[in-house]
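Presented below is the structure to which this report refers.
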Amino acid sequence: MAVPRNSTGENGFCFAQTLDFSCLSSPPGDASRTCGTTLSNGTASSGIPSPSDSCAKPLCSTTPGEEEPQFSEGIKYVSAEGEELACGWGGFTPGCLQLFNTSKGVLFFLCVASFLQGMTVNGFINTVITSIERRFDLRSYQSGLIASSYDIAACVCLTFVSYFGGNGHKPRWLGWGVLVMGLGSLLFALPHFTTGRYEARSAAEVGVCGGNQSLPCAQAASSLSSYRFVFMLGQFLHGMGATPLYTLGVTYLDENVKTNYSPVYIAVFYTAAILGPAAGYLVGGMFLNIYTEIGREIDIAPENTLWVGAWWIGFLGAGAASLLISIPILGYPQRLPGSQRYIVMRVSEAHQLKDGSHKKASDPDFGKTVKDLPRSVLLLLKNPTFIFLCLAGATEATLIAGMSTFGPKFLESQFSLSASEAATFFGYLVVPAGGGGTFLGGFLVNKFKLRCSGIIKLCLLCTVSSLLAIFIFFIHCPNMPMAGVTQMYEGSALPGGHLNLTAACNAECHCLQETYSPVCGSDAIMYYSPCHAGCKRVSKNLRNGKKVYQECSCVEKTLLPSPGDAEAGKCTSSCAKRPLLLFFMFVVILFTFLSSIPALTATLRCVSDRQRSFALGIQWIVVRTLGGIPGPIAFGSMIDKSCLLWQDQCGEQGSCYVYQNSAMSRYTLIAGLVYKVLGTTFFIVACLLYKPPPTESAPGSSGASENGNCDLQEHKPSLPAEEHI
1 MAVPRNSTGE NGFCFAQTLD FSCLSSPPGD ASRTCGTTLS NGTASSGIPS
51 PSDSCAKPLC STTPGEEEPQ FSEGIKYVSA EGEELACGWG GFTPGCLQLF
101 NTSKGVLFFL CVASFLQGMT VNGFINTVIT SIERRFDLRS YQSGLIASSY
151 DIAACVCLTF VSYFGGNGHK PRWLGWGVLV MGLGSLLFAL PHFTTGRYEA
201 RSAAEVGVCG GNQSLPCAQA ASSLSSYRFV FMLGQFLHGM GATPLYTLGV
251 TYLDENVKTN YSPVYIAVFY TAAILGPAAG YLVGGMFLNI YTEIGREIDI
301 APENTLWVGA WWIGFLGAGA ASLLISIPIL GYPQRLPGSQ RYIVMRVSEA
351 HQLKDGSHKK ASDPDFGKTV KDLPRSVLLL LKNPTFIFLC LAGATEATLI
401 AGMSTFGPKF LESQFSLSAS EAATFFGYLV VPAGGGGTFL GGFLVNKFKL
451 RCSGIIKLCL LCTVSSLLAI FIFFIHCPNM PMAGVTQMYE GSALPGGHLN
501 LTAACNAECH CLQETYSPVC GSDAIMYYSP CHAGCKRVSK NLRNGKKVYQ
551 ECSCVEKTLL PSPGDAEAGK CTSSCAKRPL LLFFMFVVIL FTFLSSIPAL
601 TATLRCVSDR QRSFALGIQW IVVRTLGGIP GPIAFGSMID KSCLLWQDQC
651 GEQGSCYVYQ NSAMSRYTLI AGLVYKVLGT TFFIVACLLY KPPPTESAPG
701 SSGASENGNC DLQEHKPSLP AEEHI
C-alpha cells in the first residue's frame with residue numbers, strides 16, 4: 001500500500017478533487033464499497049471502525065484485488081509497507097498495551113520524564129549544591145563546573161541526536177535517553193555510599209564569646225574534593241539523557257496530533273518540565289532537614305553552618321523512577337496509529353527561500369545520511385526567521401537561567417530570609433507563574449488558531465509586556481541594619497566600603513571571621529555571629545524553634561523582659577514594598593514563560609517538516625551556548641558587584657554573605673533591560689522577515705482552514721474520537 005504525497009515539495013496539501021469517505025458510513029456487511037483515496041498505516045480494513053480500533057485501522061481501504069484509484073498529476077507515493085504500529089517490545093505486543101498507544105498515552109509518559117528531568121537537574125542540583133560543597137570541601141568554581149557539565153553534554157550531543165534521531169525511531173532514542181538520565185542520577189548519589197561518615201566537628205558552645213573555634217587552615221584541603229569528577233560525570237549523563245527529550249519528544253508529539261492541537265500538547269509537556277524544578281526545590285528542602293547520616297543523633301540543628309542534609313535521597317528516587325519510565329517509552333512505535341492522516345492534512349508554513357532550496361528538505365530521502373548534514377545546516381542558516389527566533393530564545397533563556405539561579409538569592413537579600421525560606425518562596429512563585437504561563441501560551445495559540453506570523457506577534461506582545469514590568473526593579477527593600485557592615489556598633493553610619501566587625505564590646509572575645517552565623521539582637525540589629533554580639537552563653541530555651549543567646553554585651557539594653565538577648569538567624573524584614581515587588585516579579589515570570597511555547601511552535605512551523613527535529617537541536621545549541629551557559633555567569637558577575645561582605649576562607653575570598661539591596665536591584669534592572677530589549681528586537685526582525693508560502697502553492701489551499709487543516713467540506717465526516725482532546 002502506498003501513501004500519497006505532494007510532489008511540489010510541500011508535505012501538507014489538500015486534494016483538488018472531492019474525497020469520498022462514504023465507506024466509513026456503509027453497513028458492516030457491505031464489502032463492495034470502496035474509497036476515493038487510501039491512507040494506509042500498514043493494515044487493511046473495511047466497514048465501520050469502532051472507537052477501540054480506530055487508531056489501528058486506516059480511514060478507508062480498497063477491496064482486495066481491486067486496482068488502486070489513480071490520482072491527478074502531481075501526486076507520488078511513498079512506501080509505508082511493513083511498518084509496525086503496535087505498542088510493545090519486539091514480538092511482545094499484548095492487547096492491553098494498545099490502550100496506551102495513543103497521543104495522550106505518549107504525552108503522559110513524556111510528561112513524567114520531563115518532570116523527573118526538571119526536578120533532578122533544575123531542582124535537586126540547585127537545592128543541594130551548598131550541602132555538596134560543605135560535605136566534599138568544594139570551592140564555588142568547582143560546583144559551577146558540576147552545574148555546567150549538563151549544558152556541555154547537551155551541546156555536544158544535540159547535533160548528533162537531533163539529526164539522526166529525527167530521521168530514526170524517535171521513541172527508542174527517547175527511551176534510551178531517559179534510561180541514561182536515570183543512571184546519571186544514581187551515579188550522582190554514589191559518593192555518599194563510598195565515603196566515610198560525615199563528622200560535624202561541633203559542640204553546643206561553639207560560636208559564643210570565648211568559645212569561638214575554627215578548623216586550622218591546614219586541614220581545609222581534603223581528598224574528598226576529587227569526588228567532583230563523579231558529580232560532573234553524573235551531570236554529563238543527565239545532559240546526554242535529556243537531549244532527546246526536548247528535541248525528539250517535541251517533534252514526536254507534533255507529528256502525531258492535529259496541527260491546531262500541537263501547541264496544547266507541547267504546552268502540557270513543558271508545564272510538567274517547569275513543575276519539576278518547583279517540586280525539586282520543595283522536596284529537596286525537606287530532605288535537607290534530615291541529617292545526611294540517617295539514624296545518627298547529632299547535637300547541631302539545620303540552621304548551623306556545619307549541618308549537611310540528606311542531599312542524596314532525591315537522586316536515588318529520581319534515578320529509579322527514570323529507569324522505570326524508560327520501559328514504556330521504549331515500547332512505542334515509530335509513529336502512532338492513525339497519525340498519517342495528520343501529515344497528509346497539514347499545510348506547510350515553512351519560510352520560503354528566494355532560491356527555492358527549501359524544497360530540498362521535502363525529499364523523502366533527504367537527511368538519512370551524514371552527507372546531507374551540511375546541506376541541512378545550510379538550509380537552516382539561510383532561514384532568517386529561524387535564526388532570529390533562535391536568538392530571541394537565547395535572550396529569554398539567559399533571563400530564565402539567571403533568575404532561576406539567583407532569584408532565591410534576590411528574595412533572600414531583599415526580604416531578609418534564610419536560604420531554605422527563599423528557595424521555598426521562589427518555588428511557590430514559579431509554580432503558578434511559570435507553569436501557568438507555559439500552559440496559557442499553548443492554549444492561546446490553539447484558541448485563536450494562530451498561523452506562524454500571528455504566533456511571532458504574540459511572542460512580541462509578551463516580551464514587550466515583561467519589558468515594561470521589569471522596571472519594578474527600580475524599587476527595593478532597605479537593608480536590615482547590621483553592626484560593622486551597614487552601620488557602626490554605636491549606631492552611626494559606616495564609611496562606604498569599610499568593614500569594622502571589632503568594637504570595644506567584643507574586643508576580648510577574639511572572634512574569628514571564618515565563623516559566620518548571623519543573630520538578631522533584641523535591639524533589632526543583626527550581628528555577624530553570637531561572638532561578635534558579645535554573647536556569653538546559650539539558653540537551653542528555644543524561641544520559635546531557634547537558639548537564644550544571652551548576656552550579649554554589644555546588644556543595647558532595652559525595656560524588654562530579656563535585655564541583651566540575641567536570637568539565631570536574620571532579623572525579620574518589614575518591607576512595605578514587598579507585595580508590589582512580588583506582584584511584578586510574578587508578571588515578569590508569567591510573560592517570559594508565556595512566550596516560550598508560542599516561540600517553540602513558530603520554530604516548528606517556519607521550517608520544513610523533515611527538518612523539525614534537527615531545527616530544534618540547532619536551536620537548543622544556540623540557546624544553551626548563548627543563553628543557558630553564560631546567563632548565570634553574566635547575572636552572577638553583575639550581582640556580585642553589589643556585595644558588601646565577602647566570606648573569608650583562610651585569607652581567600654569565598655562567597656558573598658551580605659548584598660547591598662539597592663545595588664542588587666539596580667544591576668538586576670540593567671541586566672533585565674538589556675536582554676528584554678534584545679529579545680524584543682529579535683522578535684520584530686523575525687516577524688518582518690518571515691515569508692509564508694504563497695496561497696496557490698498547495699492544491700486545494702483555497703479550502704484550507706485557519707488552523708492549518710484542509711476543509712474536506714460536505715464529504716468529510718466527523719473524525720474518530722481519538723483526534724479530540
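The opening position of the sequence shown corresponds to residue 1 in full-length UniProt numbering, with each subsequent residue numbered one higher.
Backbone N, C-alpha and C define an ideal beta-carbon position, used for all residues, glycine too.
Keep in mind that this is a model prediction, so the values were computed, not measured.
Beta-bridge pairing of residue i - partner residues as DSSP gives them
i	result
Trp646	Cys656
Ala272	In the DSSP output, where bridge partners are listed per residue, Ala272 has none listed.
Val674	The partner list for Val674 (beta bridge, DSSP) is empty, contrary to what the question assumes.
Trp176	Beta-bridge pairing links Trp176 to no other residue.
Tyr291	Gly309
Phe92	Trp89
DSSP three-state assignment for residue i, whether helix, strand or coil
i	result
Val308	coil
Ile48	Below a pLDDT of 50, predicted positions are generally treated as unreliable, and Ile48, at 42, falls in that range; the measurement from the model is reported next regardless. Coil at Ile48, not helix or strand.
Ala533	coil
Cys477	coil
Tyr527	strand
Ser539	strand
Met664	helix
Met181	helix
Met488	coil
Ala576	coil
Ala483	strand
Ser225	helix
Gly196	coil
Gly338	coil
Pro333	coil
Val431	helix
Asn122	helix
Ala279	helix
Leu499	coil
Tyr265	helix
Gln513	coil
Pro191	helix
Ala350	coil
Phe593	helix
Extent of the continuous beta strand (DSSP E) to which residue i belongs
i	result
Val257	Run containing Val257: none; DSSP gives neither H nor E here.
Ala568	Ala566 to Ala568
Lys546	Lys546 to Gln550
Cys520	Val519 to Gly521
First and last residue of the uninterrupted alpha helix (DSSP H) at residue i
i	result
Cys462	Cys452 to Ala469
Val622	Arg612 to Val623
Phe108	Ser103 to Gln117
Asp640	Pro630 to Asp640
Ser326	Ile313 to Leu330
residue 782	Any answer about residue 782 is impossible in this case: the structure gives the chain only from 1 up to 725.
Thr385	Pro384 to Gln414
Glu133	Ile125 to Arg135
Gly441	Gly436 to Lys447
Gly239	Arg228 to Ala242
Arg375	Leu373 to Leu381
Assumed close pair residue i, residue j - CB separation to whole angstroms, cut-off 8 Å
i	j	result
Ser404	Thr592	Not quite, the Cβ-Cβ distance comes to about 11 Å (not below 8 Å), so this is no contact.
Ala433	Ile589	4 Å
Arg228	Ile146	6 Å
Thr166	Thr251	Thr is not the amino acid found at residue 166; the sequence shown has Gly there. Gly166 to Thr251, Cβ: 7 Å. Contact.
Gly577	Ile475	One detail in the question is off: residue 577 reads as Lys in this sequence, not Gly. About 5 Å; that satisfies the 8 Å criterion.
Ala524	Cys571	6 Å
Ala113	Ile325	6 Å
Arg624	Glu349	So it is not a contact: roughly 26 Å between Cβ atoms.
Leu323	Leu179	6 Å
Cβ-heavy atom distance, residue i to the ligand ZN, below 6 Å
i	result
Val128	Of the ligands one can find in the structure shown there are none, so the ligand ZN has no counterpart to examine.
Checklist entry - In the stretch 136 to 172, which residue ranges form an unbroken alpha helix (DSSP H) of at least 4 residues, counting only runs that do not cross its ends? => result 140 to 166
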